[in-house]
Amino acid sequence: MTSKKILIVDDDYCVAMPLEFLLKHNGYQVKTARNGEDALQMVSGFMPDIVLLDVLLPLLDGFEICQIIRENTRYRDMKIIFLTALIRDVDIAKGLALGADAYITKPFANAKLMETLKKLL
Numbered sequence: 412m413t414s415k416k417i418l419i420v421d422d423d424y425c426v427a428m429p430l431e432f433l434l435k436h437n438g439y440q441v442k443t444a445r446n447g448e449d450a451l452q453m454v455s456g457f458m459p460d461i462v463l464l465d466v467l468l469p470l471l472d473g474f475e476i477c478q479i480i481r482e483n484t485r486y487r488d489m490k491i492i493f494l495t496a497l498i499r500d501v502d503i504a505k506g507l508a509l510g511a512d513a514y515i516t517k518p519f520a521n522a523k524l525m526e527t528l529k530k531l532l
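Each position in the sequence shown, counted from 1, maps to that position plus 411 in our numbering.
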């Protein structure tokens with residue numbers, strides 16, 4: 412059985428690197444994008460099962476990326492989890508309305524993230 416693929420989209424090295432380590436340690440194939448344009452290229456080439464998506468990113472923000480992914484039927488089975496510091500109800504509602512499967516705010520507990528991943532996979 413092949414391991415599930417996860418794309419981390421976060422421009423903050425201090426968030427992305429420990430997250431990448433955690434996920435690889437738990438058996439996932441992981442790639443990281445640092446901006447919106449790289450994220451869309453990796454979505455197409457890597458075809459992750461789940462995208463962990465920050466909102467505040469260079470070039471394209473996470474909301475735009477989520478909308479682009481959801482508009483493409485090729486990615487209809489791809490899961491999206493927002494992983495962001497934006498905690499306002501309006502931001503959470505926007506992320507979910509755009510088609511995200513979950514919205515987790517930073518700082519987050521690793522256990523909560525792992526539980527959410529297992530539910531979605």
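Don't be surprised by glycine CBs; every beta carbon is placed ideally from N, CA and C.
Just the C-alpha distance for residue i and residue j, rounded to the nearest angstrom, thanks.
| i | j | result |
| --- | --- | --- |
| C425 | M489 | 26 Å |
| L418 | I498 | 22 Å |
| I461 | K415 | 8 Å |
| R487 | M453 | 16 Å |
| L524 | D512 | 13 Å |
| K505 | K435 | 30 Å |
| L470 | G447 | 6 Å |
| D500 | E475 | 18 Å |
Start and end of the beta strand (DSSP E) containing residue i?
| i | result |
| --- | --- |
| A427 | First-last for A427: Y424 to H436, but that is the alpha helix (DSSP H), not the beta strand (DSSP E). |
| V501 | Here V501 belongs to no beta strand (DSSP E); instead the alpha helix (DSSP H) covers D500 to A508. |
Quick one: using the 10 Å Cβ neighbour count with 16 as the cut-off for buried, is residue i buried or exposed?
| i | result |
| --- | --- |
| V441 | buried |
| G473 | buried |
So residue i and residue j are in contact, right, with Cβ under 8 Å, and what is the actual spacing, rounded?
| i | j | result |
| --- | --- | --- |
| L494 | L532 | Between L532 and L494 the Cβ distance is about 16 Å, and since that is not below 8 Å, they are no contact. |
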